[in-house]
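Visitor: Protein chains in written order, with this note's numbering: chain C, 137 to 346; chain F, 15 to 196.
Built from N, CA and C at the ideal position, the CB exists for glycine as well.
Computed from a predicted structure; not experimentally measured.
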Amino acid sequence: MKNKQLLLLVSICLMGTMALVGFKAGNTENYTAGLTIGDVAAEINLLNVDGNMVSYSDYPNADGFIVIFTCNTCPYAVASEDRIIALDEEFKDKGYPVIAINPNNPDVQPDDTFELMQQKASAKGFTFPYLYDETNTVYAQYGATKTPHVYLLKNEDDGRVVKYIGAIDDNVRNAGAVKDRFLANAVNELIAGKEVTVKETKAIGCSVKQ
Amino acid sequence: MNKIFLIIASILLVSCGNQTQKDASEDTDEPLLVSTSDKAEKESPIPVYDFDGLEQALLTKNNDTTYVVNFWATWCKPCVKELPYFEQLGANYSEEKLKVILVSIDFPENLHTRLIPYIEEHKLTSEVVLLDDSDANTWINKVSEEWQGSIPATLIYKNDKRAFFEKSFSYSELEKEVKSIL
Numbered sequence: 137m138k139n140k141q142l143l144l145l146v147s148i149c150l151m152g153t154m155a156l157v158g159f160k161a162g163n164t165e166n167y168t169a170g171l172t173i174g175d176v177a178a179e180i181n182l183l184n185v186d187g188n189m190v191s192y193s194d195y196p197n198a199d200g201f202i203v204i205f206t207c208n209t210c211p212y213a214v215a216s217e218d219r220i221i222a223l224d225e226e227f228k229d230k231g232y233p234v235i236a237i238n239p240n241n242p243d244v245q246p247d248d249t250f251e252l253m254q255q256k257a258s259a260k261g262f263t264f265p266y267l268y269d270e271t272n273t274v275y276a277q278y279g280a281t282k283t284p285h286v287y288l289l290k291n292e293d294d295g296r297v298v299k300y301i302g303a304i305d306d307n308v309r310n311a312g313a314v315k316d317r318f319l320a321n322a323v324n325e326l327i328a329g330k331e332v333t334v335k336e337t338k339a340i341g342c343s344v345k346q
Numbered sequence: 015m016n017k018i019f020l021i022i023a024s025i026l027l028v029s030c031g032n033q034t035q036k037d038a039s040e041d042t043d044e045p046l047l048v049s050t051s052d053k054a055e056k057e058s059p060i061p062v063y064d065f066d067g068l069e070q071a072l073l074t075k076n077n078d079t080t081y082v083v084n085f086w087a088t089w090c091k092p093c094v095k096e097l098p099y100f101e102q103l104g105a106n107y108s109e110e111k112l113k114v115i116l117v118s119i120d121f122p123e124n125l126h127t128r129l130i131p132y133i134e135e136h137k138l139t140s141e142v143v144l145l146d147d148s149d150a151n152t153w154i155n156k157v158s159e160e161w162q163g164s165i166p167a168t169l170i171y172k173n174d175k176r177a178f179f180e181k182s183f184s185y186s187e188l189e190k191e192v193k194s195i196l
């Protein structure tokens with residue numbers, strides 16, 4: 137009897153320790169919980185500027201998605217707009233369309249109302265969905281902390297797997313001075329059936345407004 | 015008498031001459047350069063660093079002073095909202111070994127059109143520098159591996175003790191973090 141109780145106690149302690157270690161390993165102090173490389177992204181159902189709802193499953197022929205969290209007025213997002221349009225043109229017909237999501241809460245950031253998103257998409261001639269998140273939760277699911285912030289997804293058996301996270305390229309401010317097209321390189325590697333070599337990069341951006 | 019008249023006339027003539035020069039320079043876009051030594055200041059009244067320069071100058075001090083380094087920009091709303099707290103911190107701890115440094119990442123072409131006017135309008139007393147380095151993918155991690163790249167962000171350090179915060183601060187939160195390093 138005593139032995140059984142002891143065994144039970146030890147088992148509970150062990151499980152508790154393992155749970156604690158697992159928890160710690162999964163959450164670093166300052167990093168928002170979100171998707172990391174290799175994670176599967178959940179389906180979305182968000183309102184597009186054209187009034188229709190958009191989900192990943194609306195694209196049965198896509199091999200993956202270039203998901204970009206971006207907003208209306210952050211100077212870094214604005215500086216990236218032409219490049220985002222160019223990426224959609226470059227990769228849409230190769231299986232990787234751009235999906236843009238605005239992560240900001242318009243109550244906190246009045247520049248990012250749905251109406252202003254519509255104006256932006258129209259004025260710039262966005263060729264991709266520019267999605268409004270009424271629930272204000274999708275950015276947190278991904279762990280997007282700023283605009284712009286990129287998540288490259290590839291359709292695999294498990295689902296839409298995250299293959300690259302971070303910057304569009306190595307020079308947010310100046311398109312003309314870009315030397316390293318981080319995102320485009322990653323997409324091209326996926327198209328060629330290769331593993332992405334540079335899986336994560338960083339760039340300056342405006343904090344998500346919630 | 016004649017000599018005095020001559021002197022007065024000369025002075026008047028010279029003054030007129032200067033007046034014409036001044037008008038001419040106001041018509042052009044060129045700033046009136048006073049002298050070579052002042053030229054550097056007129057071109058940039060605050061230091062402009064690439065990251066290596068910033069790191070050497072301000073991020074690796076080893077002298078018992080607590081450095082509060084805030085990364086901000088004039089166009090960043092949450093950044094300008096918390097600037098007064100950093101100014102207040104500097105003022106309240108002026109007797110202590112504490113230094114506030116405001117590192118702007120405003121676009122360099124806006125140095126004179128946005129940043130300098132902002133500093134003057136808000137009478138910032140903390141040291142302000144401009145970080146002009148487009149290779150953010152490299153230097154973000156040098157400031158902190160935890161930094162995802164959003165601003166505002168603050169590094170507080172004293173000798174080897176460092177803490178990094180990718181968030182907005184209230185005054186009390188800021189003071190609390192500073193005190194734990196001070």
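Write down the C-beta distance between C:Tyr-275 and C:Asp-269 rounded to the nearest angstrom, noting that I regard them as a contact closer than 8 Å.
Guide: The sequence position of residue 275 of chain C within the first sequence is 139, counting from 1. The sequence position of residue 269 of chain C within the first sequence is 133, counting from 1. Right, the Cβ-Cβ distance comes to about 7 Å (below 8 Å), so this counts as a contact.
Visitor: Need the endpoints of the alpha helix (DSSP H) that C:Asn-321 sits in, please.
Guide: Counting from 1 along the first sequence, the entry for residue 321 of chain C is found at position 185. Note, C:Asn-321: alpha helix (DSSP H), 318 to 327.
Visitor: Roughly how many angstroms separate the alpha carbons of C:Ala-257 and F:Trp-89, rounded to a whole number?
Guide: In the first sequence, residue 257 of chain C corresponds to position 121, counting from 1. In the second sequence, residue 89 of chain F corresponds to position 75, counting from 1. The alpha-carbon atoms of C:Ala-257 and F:Trp-89 are separated by roughly 22 Å.
Visitor: Please list the partners that F:Trp-89 has in chain C, where partner means a Cβ-to-Cβ separation under 9 Å.
Guide: For the purposes of this step, residue 89 of chain F is taken as the residue at position 75 of the second sequence. Neighbours of F:Trp-89 on chain C, chain order: Thr-209, Cys-210, Pro-211, Cys-342.
Visitor: Are the CB atoms of C:Ala-311 and C:Arg-219 nearer to each other than 8 Å?
Guide: Mapped onto the first sequence, residue 311 of chain C falls at position 175. Mapped onto the first sequence, residue 219 of chain C falls at position 83. Yes, the Cβ-Cβ distance between C:Ala-311 and C:Arg-219 is below 8 Å.
Visitor: Name the DSSP bridge partner or partners of C:Met-253?
Guide: Within the first sequence, numbered from 1, the residue matching residue 253 of chain C stands at position 117. Note: C:Met-253 sits in no beta bridge, so no partner.
Visitor: What's the gap between the Cα of F:Ile-130 and the Cα of C:Ala-259?
Guide: As a position in the second sequence, residue 130 of chain F is number 116, starting the count at 1. As a position in the first sequence, residue 259 of chain C is number 123, starting the count at 1. Straight-line Cα distance between these residues: approximately 32 Å.
Visitor: Using DSSP with H/G/I as helix, E/B as strand and the rest coil, what is F:Asn-32?
Guide: On the second sequence, residue 32 of chain F is found 18 positions in, with the first residue counted as 1. Because the pLDDT of F:Asn-32 is 45, which lies under 50, any placement of that residue in the model is unreliable, and the number read from its coordinates should be weighed accordingly. Note: F:Asn-32 maps to helix in three-state DSSP.
Visitor: Report all residues from its chain with a CB closer than 7 Å to the CB of F:Pro-59; omit the five preceding and five following residues, and keep chain order.
Guide: Counting from 1 along the second sequence, the entry for residue 59 of chain F is found at position 45. Contacts found: Ile-130.
Visitor: Please name the residue in C:Ile-327, C:Val-334, C:Ile-301 whose C-alpha comes closest to that of C:Asp-316.
Guide: Start at 1 with the first residue of the first sequence, and residue 316 of chain C comes out as number 180. Considering only alpha carbons, the answer is C:Val-334.
Visitor: Rounding to the nearest angstrom, what Cα-Cα distance links C:Ile-301 and F:Gly-163 in this structure?
Guide: Mapped onto the first sequence, residue 301 of chain C falls at position 165. Mapped onto the second sequence, residue 163 of chain F falls at position 149. Near 12 Å, if we compare the C-alpha coordinates of F:Gly-163 and C:Ile-301.
Visitor: Closer than 6 Å by C-beta to C:Val-323: which residues in its own chain qualify, once you throw out the five before and the five after it? Chain order, please.
Guide: On the first sequence, residue 323 of chain C is found 187 positions in, with the first residue counted as 1. Result list for C:Val-323: Phe-227, Tyr-232, in chain order.
Visitor: With 16 other CB atoms within 10 Å as the buried threshold, where does C:Lys-117 fall?
Guide: Since the first and last residues shown for chain C are 137 and 346, residue 117 of chain C lies out of range.
Visitor: Check the Cβ-Cβ distances between C:Ala-177 and every residue of chain F, and say whether any is below 8 Å.
Guide: The residue you call residue 177 of chain C lines up with position 41 of the first sequence. No - not a single Cβ of chain F is within 8 Å of the one on C:Ala-177.
Visitor: What's the call for C:Asn-240, buried or exposed, on a 16-neighbour Cβ count within 10 Å?
Guide: As a first step, residue 240 of chain C is located in the first sequence; it is residue number 104 there, counting from the start. By the neighbour-count rule (16 or more Cβ atoms within 10 Å), C:Asn-240 is buried.
Visitor: For the putative contact between C:Ile-304 and C:Leu-319, defined by C-beta atoms under 8 Å, what is the C-beta separation to the nearest angstrom?
Guide: Sequence index remark: in the first sequence, residue 304 of chain C carries index 168 (1-based). Sequence index remark: in the first sequence, residue 319 of chain C carries index 183 (1-based). About 5 Å separates the two Cβ atoms, so the contact holds.
Visitor: Rounded to the nearest angstrom, how far is the Cβ of C:Asn-184 from that of C:Pro-246, given a contact under 8 Å?
Guide: In the first sequence, counting from the first residue as 1, residue 184 of chain C sits at position 48. In the first sequence, counting from the first residue as 1, residue 246 of chain C sits at position 110. With a Cβ gap of about 21 Å, C:Asn-184 and C:Pro-246 do not count as contacting.
Visitor: Does the region 81 to 95 of chain F come into contact with the region 169 to 176 of chain F, if we say contact requires no fewer than three beta-carbon pairs (one atom in each stretch) closer than 8 Å?
Guide: At 8 Å Cβ cutoff, the stretches touch.
Visitor: Chain C partners of F:Ser-194, CB-CB under 9 Å?
Guide: What you label residue 194 of chain F is simply residue 180 of the second sequence in a count that begins at 1. None at all; the shortest Cβ gap to chain C is about 14 Å.
Visitor: Distance cutoff 8 Å, beta carbons only. Does F:Phe-121 sit that close to anything in chain C?
Guide: As a working note, residue 121 of chain F is residue 107 in the second sequence. F:Phe-121 counts as touching chain C.
Visitor: Give the residues of chain C in contact with F:Pro-92, contact being defined as C-beta atoms less than 9 Å apart.
Guide: For the purposes of this step, residue 92 of chain F is taken as residue 78 along the second sequence, with counting starting at 1. Those are Cys-342, Ser-343, Lys-345, listed as they occur along chain C.
Visitor: Would F:Leu-125 pass as a contact of F:Leu-144 if the rule is Cβ separation under 8 Å?
Guide: Here residue 125 of chain F corresponds to residue number 111 of the second sequence, with the count starting at 1. Here residue 144 of chain F corresponds to residue number 130 of the second sequence, with the count starting at 1. Going by C-beta atoms, F:Leu-125 is nearer than 8 Å to F:Leu-144.
Visitor: Please confirm whether F:Asp-174 has its beta-carbon closer than 8 Å to some beta-carbon of chain C.
Guide: Your numbering for residue 174 of chain F matches position 160 in the second sequence. Answer no: the Cβ-Cβ gap between F:Asp-174 and chain C never drops below 8 Å.
Visitor: Rounded to whole angstroms, what is the Cα-Cα separation between F:Ser-118 and F:Glu-160?
Guide: What you label residue 118 of chain F is simply residue 104 of the second sequence in a count that begins at 1. What you label residue 160 of chain F is simply residue 146 of the second sequence in a count that begins at 1. Near 20 Å, if we compare the C-alpha coordinates of F:Glu-160 and F:Ser-118.
Visitor: Beta-carbon of C:Asn-307 versus every beta-carbon of chain F: anything under 8 Å?
Guide: As a position in the first sequence, residue 307 of chain C is number 171, starting the count at 1. Answer yes: the Cβ-Cβ gap between C:Asn-307 and chain F drops below 8 Å somewhere.
Visitor: Distance, Cα to Cα, F:Glu-110 vs C:Asn-188?
Guide: Counting from one through the second sequence, the residue named residue 110 of chain F turns up at place 96. Counting from one through the first sequence, the residue named residue 188 of chain C turns up at place 52. Those two C-alpha atoms are separated by around 59 Å.
Visitor: Would you report the Cα separation of C:Asn-139 and F:Phe-179, rounded to the nearest angstrom?
Guide: For the purposes of this step, residue 139 of chain C is taken as residue 3 along the first sequence, with counting starting at 1. For the purposes of this step, residue 179 of chain F is taken as residue 165 along the second sequence, with counting starting at 1. Rounded to whole angstroms, C:Asn-139 to F:Phe-179 spans 49 Å at the Cα level.
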